[in-house]
Amino acid sequence: MTIPRISRVHPLAGVEGGRVTIFGEHLCTAERGQVTPQFETVESRPLVASSGKMIVPIPDGATSGFLQVVWPDGSTRGPFFEVAEKLADELHPVANPVVDRDGWIVTTFSGSRGQAAPGGVSVFRIAPHGGSEPYLSDLVNPTALALDAAGTLFISCRNDGTVRKVTGPGQTEIVADGLGIATGIA
35 MTIPRISRVH PLAGVEGGRV TIFGEHLCTA ERGQVTPQFE TVESRPLVAS SGKMIVPIPD
95 GATSGFLQVV WPDGSTRGPF FEVAEKLADE LHPVANPVVD RDGWIVTTFS GSRGQAAPGG
155 VSVFRIAPHG GSEPYLSDLV NPTALALDAA GTLFISCRND GTVRKVTGPG QTEIVADGLG
215 IATGIA
């Protein structure tokens, strides 16, 4: 019986719930039976499996470590796989976040067109080591974010076709309007 071999994994990093493609030889064959992909020691189940390829979800609780394929009487080890740390969830960004000078990630809860954000908070800051906090309220459908050279934050809002400049804690002013469905910003 031929031994399975992992030749390549793509991507080499991901988050829980993401998908990874494992390429190789003899990964899943009738003679070998059921194989189990593992992220270090946490098991997953292939979504698609063939002799040359497996598509595998990154399971809850996965940690960074070597990706391997295990079968009843052996295993084959692949490359090191980095599982990203979840910093925040329950967000709904449509476009890009930004990272300010202090390492905070600024992102949006944009929602469907015309949908107000739950609780009114539509822009959040995520601390460098995780956890989010409200940053701006009452913007409907904030979409893209950009920082200028001085670190001033600008936000496009696709609901009213504006670009706004953040002028202070919880305060914005319109710097451009009549833009239609303003999405991207640079």
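Remember, my numbering sits 34 above the position in the sequence shown when you count from 1.
Yeah, the Cβ is synthetic: ideal placement off N, Cα and C, and Gly gets one too.
Residue i - containing beta strand (DSSP E), residue span
i    : result
W105 : G99 to W105
Q72  : T70 to F73
K87  : K87 to P91
F115 : G108 to V117
R39  : R39 to H44
I189 : L187 to C191
Supposed contact pair residue j and residue i - C-beta distance, whole angstroms, cut 8 Å
i    : j    : result
P38  : E59  : 7 Å
T177 : R192 : 5 Å
I89  : T141 : Going by Cβ atoms, the distance from I89 to T141 rounds to 28 Å, so no, they are not a contact pair.
G86  : F57  : 7 Å
L181 : P131 : Wrong, their Cβ atoms sit about 11 Å apart, outside the cutoff.
For residue i, the three-state DSSP class (helix, strand or coil)
i    : result
P152 : helix
V132 : strand
C62  : coil
E207 : strand
T201 : strand
Check whether residue i and residue j have beta carbons under 8 Å apart
i    : j    : result
P106 : G67  : yes
A184 : T196 : no
S109 : V117 : no
F73  : G99  : yes
A122 : I160 : yes
I309 : G48  : Since the first residue of the chain shown is 35 and the last is 220, residue 309 is not available in this structure.
P168 : G137 : no
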